[in-house]
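Just so you know, the protein sequences line up as chains A and B, in that order.
Per the working numbering, the first sequence starts with residue 579, numbered consecutively.
Per the working numbering, the second sequence starts with residue 579, numbered consecutively.
Protein chains: 2
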Amino acid sequence: MKKIINKPEDFVKETMEGIIAAYGDRVKLYRDDFRILLSDYPVKPGKVGLVTAGGSGHLPVFLGYVGSGMLDGCTVGNVFASPSATKMAKMIQACDFGSGVLCLFGNYGGDKMNFRQAMEDCELEGIPCRSVIVTDDVASSPAGLENRRRGVAGMVYAFKCAGAAANRMMSLDEVSAVAEKAVKNTRTMGAALSPCIVPEAGVPTFFIGKDEVEIGMGIHGEKGIEVHKMMTADELTDILMGRILVDMPLGENDEVSVMVNGLGATPMEEQFIVYRRAAQILKDKGVSVWMPHIGEYATSMEMAGVSVTVFKLDNQLKELLADPANTPFYTNANRLEVSL
Amino acid sequence: MKKIINKPEDFVKETMEGIIAAYGDRVKLYRDDFRILLSDYPVKPGKVGLVTAGGSGHLPVFLGYVGSGMLDGCTVGNVFASPSATKMAKMIQACDFGSGVLCLFGNYGGDKMNFRQAMEDCELEGIPCRSVIVTDDVASSPAGLENRRRGVAGMVYAFKCAGAAANRMMSLDEVSAVAEKAVKNTRTMGAALSPCIVPEAGVPTFFIGKDEVEIGMGIHGEKGIEVHKMMTADELTDILMGRILVDMPLGENDEVSVMVNGLGATPMEEQFIVYRRAAQILKDKGVSVWMPHIGEYATSMEMAGVSVTVFKLDNQLKELLADPANTPFYTNANRLEVSL
């Protein structure tokens, strides 16, 4: 196991220490708890709180999006494991600014169960809570059973739009409706070329042949839908985009943002080669492509591979996506001013 | 060879196609030449031009820093190979806004030779040119022979400060002096855990044992200074920081920015674990640490490993580092407004 870590059991805590050492002027721990990160930006009184939670090992998901214009708080568990309901409840309480809290998180059993408990506890204390569950991974369940799909890189679009809605002082119902629409308009397909190693386990999460690529692999190494011999970037992109476009047909008059996400060990050059093909496929259909996201947004530590996300825009989502945001891993000036 | 590419010989061109597809509203090709990228932001008349050049395979170095407040132009060669003097000369001409051009680039034989030729040609056409060569890699040559050192990730600090100086309408001599001071104040030490594969070669750039780490490895796989058995993150950081601090002693009253740079396949979590230790070492010495840079700034495609850069600040360099910049891979709001 060749990882730049100290004791495996300190991996999550020391990552958080690094984030605080680097960005302690913008984010802070909740009462010295190295599993709960809060924004330290000024908040308008009465703003809806926006929080998430999930396992560690996916940076920038989730901690990297805590700041201004996106998440107010995030609690993380061990690598690939949900944090406890108790920590979620503390975070929700810390992120209630008087108008309730939206819990926006990926569709995983532990996270759902713990958030349900935490929200019940907080409701009893008088904090209105809503949840919206991200289900963007097309490969993880067929059409018609979208609510069984996992949440992967597309959740970043939901964080961004819901965070902007909250900053515009929309109500809890309105922010929740924005998050739901963002999830409904988002599709992701991924492919893995190599596994990662969970520090405390010390062994690869799955096996894949030296000349193979697995389509539809989850970001924790969940089994995909097809294993192929390694193919060209264009062939791979065609498969990923093909699956997305069957699930969410697009045509002229549609406008989208495309995210090409590296899973941890994929060179940026390769991400741009994939983006180039994805954008071409969309343009050939007459779809407008706007505000690209290319880089590492949701990783599996040192897993090699890539995911492609298509986020269908309407006027509201476009404005919210373009709103300013400032977090350790996501900075956005108002793009509308520049490009519209 | 498991890479998400098409034909190896199209790797550089298709990467550029992806960059243009994504950021064509902010950067542009020079006359449809897929090796020369120019900023498409408005430029104040009389601003000094700032350009660089070098081999491909290091994104975000170099192309990612073309935009507003950093580089005006960049030309790239094949993977790990210098572009030609002819392309450099075209780029310099395109980036002369009436006050001359600073060529700021890493200390590699091909780049130096070709820039010398290009600058001669441009001077003959009446364009004042200066060059400043980045030599931040401590491992590549001992103290006293700093001018033989390679340029690695620290060049991003020089791009940022010289770009800001040019934007403040400083003269060619003044911008060159800023770049020279930035280089003089920058030290980098890297370590590699795995090699990368040059697409057209198809074989790893070097061999390293499954339980080994090579200290001082260059970003093209140039031989390092020591091979160790794999160690903890803290032990590795101590070695890298130790070498830097012997070369550039720091103490109370000193202020620095620290960059922890992933070489391409290093999880962000590990980069933060290293940053945490580096910041602690500096704080223990009474050194102030400001404006961290953690992420992938200069890579070797899918090489695993990390480099640490320490950039010693004075008031001028701090102001210039804090100035706004907007490029595809580097966005900065004015940090001084936020944090001073």
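We put the beta carbon where it would ideally sit given N, CA and C, even for glycine.
**Prompt:** Roughly how many whole angstroms lie between the Cα atoms of S646(B) and F658(A)?
**Reply:** By one-based count along the second sequence, residue 646(B) stands at place 68. By one-based count along the first sequence, residue 658(A) stands at place 80. Rounded to the nearest angstrom, the two C-alpha atoms are 39 Å apart.
**Min CB distance L914(B) to chain A below 8 Å** = Counting from 1 along the second sequence, the entry for residue 914(B) is found at position 336. Annotation note: pLDDT 43 at L914(B) (below 50); position unreliable, coordinate value reported separately. Chain A, which has no Cβ nearer than 8 Å to the Cβ of L914(B), makes this no.
**Prompt:** Thinking C-beta only, is Q849(B) closer than 8 Å to I817(B)?
**Reply:** Position 239 of the second sequence, counting from 1, holds the residue named residue 817(B). Position 271 of the second sequence, counting from 1, holds the residue named residue 849(B). Contact: no.
**Prompt:** What does D714(A) touch in chain B if you count any residue whose Cβ is under 8 Å from its own?
**Reply:** For the purposes of this step, residue 714(A) is taken as residue 136 along the first sequence, with counting starting at 1. The premise fails here: D714(A) is roughly 21 Å from chain B at the closest Cβ pair, so nothing lies under 8 Å.
**Message:** Just to confirm the assignment: which complete beta strand (DSSP E) runs, minimum length 3, are found wholly within the segment 697-749 of chain B?
**Reply:** Listed in chain order, the complete beta strand (DSSP E) runs (minimum 3 residues) inside the segment 697-749 of chain B are 707-712.
**Request:** Spatial neighbours of E924(B) within its chain, please: CB distance less than 8 Å, with the 5 preceding and 5 following residues excluded, ordered by chain position.
**Result:** A query on residue 924(B) cannot be resolved here, the shown segment of chain B reaching from 579 to 918 and no further.
**Message:** Could you tell me which whole beta strand (DSSP E) segments of length 3 or greater appear in the segment 822-905 of chain B?
**Reply:** 833-840, 871-873, 883-890 and 903-905
**Request:** Step through the CB atoms of chain B and report whether any lies within less than 8 Å of the CB of N656(A).
**Result:** Stepping through the first sequence from its first residue, residue 656(A) is reached at position 78. Cβ-Cβ to chain B under 8 Å: no for N656(A).
**Message:** If I measure Cβ to Cβ from I859(B) and keep anything under 6 Å in the same chain, skipping five residues before and after, which residues do I get?
**Reply:** Taking the second sequence and counting its residues from 1, one reaches residue 859(B) at position 281. Excluding sequence neighbours, I859(B) sits near M819.
**Message:** By the DSSP assignment, the alpha helix (DSSP H) with I614(A) in it spans what residues?
**Reply:** Working through the first sequence from its first residue, we reach residue 614(A) at position 36. Unbroken run through I614(A) is the beta strand (DSSP E), D611 to S617; no alpha helix (DSSP H).
**Request:** Could you tell me which chain A residues have their CB closer than 8 Å to the CB of V852(B), listed as they occur along the chain?
**Result:** Numbered from 1 along the second sequence, position 274 holds the residue referred to as residue 852(B). Residues of chain A passing the Cβ test: I582 and G596.
**Asked** Using the beta-carbon count (16 or more within 10 Å), is D674(A) buried or exposed?
**Response** Along the first sequence, one-based indexing puts residue 674(A) at 96. Under this definition D674(A) is a buried residue.
**Message:** If contacts are defined as beta-carbon pairs under 8 Å, then L828(A) and V867(A) qualify, I think. What distance do you get, rounded to the angstrom?
**Reply:** Sequence index remark: in the first sequence, residue 828(A) carries index 250 (1-based). Sequence index remark: in the first sequence, residue 867(A) carries index 289 (1-based). Incorrect: roughly 10 Å between the Cβ atoms, too far for contact.
**Helix, strand or coil at M669(B) according to DSSP, with G and I counted as helix** = If you number the second sequence from 1, residue 669(B) lands on position 91. It is helical.
**Item:** Sheet register partners of K606(A) (DSSP bridge)
**Value:** Taking the first sequence and counting its residues from 1, one reaches residue 606(A) at position 28. Looking at the DSSP assignment, K606(A) forms a beta bridge with L616(A).
**Prompt:** Measuring CB to CB, does L682(A) end up less than 8 Å from A755(A)?
**Reply:** Translated into positions along the first sequence, residue 682(A) becomes position 104. Translated into positions along the first sequence, residue 755(A) becomes position 177. Going by C-beta atoms, L682(A) is not nearer than 8 Å to A755(A).
**Asked** From the DSSP output, which residues share a beta bridge with H798(A)?
**Response** In the first sequence, counting from the first residue as 1, residue 798(A) sits at position 220. Note: H798(A) sits in no beta bridge, so no partner.
**Message:** Measuring only the C-alpha atoms, how far is S660(A) from M666(A)?
**Reply:** Stepping through the first sequence from its first residue, residue 660(A) is reached at position 82. Stepping through the first sequence from its first residue, residue 666(A) is reached at position 88. Their backbone Cα atoms lie some 10 Å apart in a straight line.
**Request:** Return the residue from the list P720(A), G729(A), D603(A) and E595(A) that minimises the CA-CA distance to Y686(A).
**Result:** As a working note, residue 686(A) is residue 108 in the first sequence. Here the closest residue by C-alpha is G729(A).
**Asked** Based on the DSSP output, what are the partners of T653(A) in its beta bridges?
**Response** By 1-based counting over the first sequence, the position of residue 653(A) is 75. In the DSSP output, where bridge partners are listed per residue, T653(A) has I614(A) and A631(A).
**Prompt:** If you drop the 5 nearest sequence neighbours on each side, which residues of the same chain put their C-beta closer than 7 Å to that of P706(A)?
**Reply:** If you number the first sequence from 1, residue 706(A) lands on position 128. If we look at P706(A) and ignore the five residues flanking it on each side, its Cβ neighbours are G678 and L750.
**Message:** Counting only Cβ-Cβ distances shorter than 8 Å, please list the residues of the segment 779-801 of chain B near chain A, keeping chain order.
**Reply:** K788, D789 and V791
**V716(A) vs T664(A) beta-carbon contact at 8 Å** = Sequence index remark: in the first sequence, residue 716(A) carries index 138 (1-based). Sequence index remark: in the first sequence, residue 664(A) carries index 86 (1-based). Contact flag unset, no.
**Prompt:** Exposed or buried, what is F785(B) when buried is set at 16 or more other beta-carbons lying within 10 Å of its beta-carbon?
**Reply:** In the second sequence, residue 785(B) corresponds to position 207, counting from 1. Looking at its Cβ environment, which holds fewer than 16 other Cβ atoms inside 10 Å, F785(B) is exposed.
**Message:** Within 8 Å of any Cβ in chain B, is that where the Cβ of D812(A) sits?
**Reply:** Along the first sequence, read from residue 1 onward, the residue named residue 812(A) stands at position 234. With 8 Å as the cut-off, D812(A) counts as an interface residue toward chain B.
**Prompt:** Is there at least one Cβ from chain B nearer than 8 Å to E540(A)'s Cβ?
**Reply:** Because residue 540(A) is not part of the residues shown, which for chain A are 579 to 918, the question remains open.
**Straight-line Cα distance separating Q671(A) from Q695(A)** = Here residue 695(A) refers to the residue found at position 117 of the first sequence. Here residue 671(A) refers to the residue found at position 93 of the first sequence. Looking at the backbone, the Cα of Q695(A) and that of Q671(A) are separated by about 14 Å.
**Message:** For S607(B), would you say it is in contact with chain A, using Cβ-to-Cβ distances shorter than 8 Å as the test?
**Reply:** The residue you call residue 607(B) lines up with position 29 of the second sequence. A quick correction: the sequence has Leu, not Ser, at residue 607(B). It does not: the Cβ of L607(B) has no partner Cβ on chain A nearer than 8 Å.
**Prompt:** DSSP beta-bridge partners for V781(A)?
**Reply:** Within the first sequence, numbered from 1, the residue matching residue 781(A) stands at position 203. Paired residue(s): none; V781(A) is not in a bridge.
**Message:** Quick check on DSSP: helix, strand or coil for F658(B)?
**Reply:** For the purposes of this step, residue 658(B) is identified with residue 80 of the second sequence, where counting begins at 1. Reduced to three states, the DSSP call for F658(B) is coil.
**Asked** Along chain B, in chain order, which residues have C-beta atoms closer than 7 Å to that of V884(A)?
**Response** Here residue 884(A) corresponds to residue number 306 of the first sequence, with the count starting at 1. Within chain B, the residues near V884(A) are I582.
**Request:** With 8 Å as the threshold, decide whether the Cβ of M767(A) is near any Cβ in chain B.
**Result:** One-based indexing of the first sequence puts residue 767(A) at position 189. So no, M767(A) is outside the interface.
**Member of D611(B), V644(B), S885(B) and H636(B) whose CA lies at the smallest distance from the CA of D603(B)** = For the purposes of this step, residue 603(B) is identified with residue 25 of the second sequence, where counting begins at 1. The shortest Cα separation from D603(B) among D611(B), V644(B), S885(B) and H636(B) belongs to V644(B).
**Asked** Buried or exposed: which applies to K668(A), given that a residue is buried once 16 or more other Cβ atoms fall within 10 Å of its Cβ?
**Response** Along the first sequence, one-based indexing puts residue 668(A) at 90. The residue in question, K668(A), is buried, as its Cβ has 16 or more Cβ neighbours within 10 Å.
**Item:** Identity of the residue in D832(A), I598(A) and S709(A) nearest F889(A) by Cα
**Value:** Residue numbering aside, residue 889(A) sits at position 311 when the first sequence is read from its first letter. It is D832(A).
**Asked** So, is E874(B) buried or exposed, given that buried needs 16 or more other C-beta atoms within 10 angstroms?
**Response** Numbered from its first residue, the second sequence carries residue 874(B) at position 296. So E874(B) ends up on the buried side.
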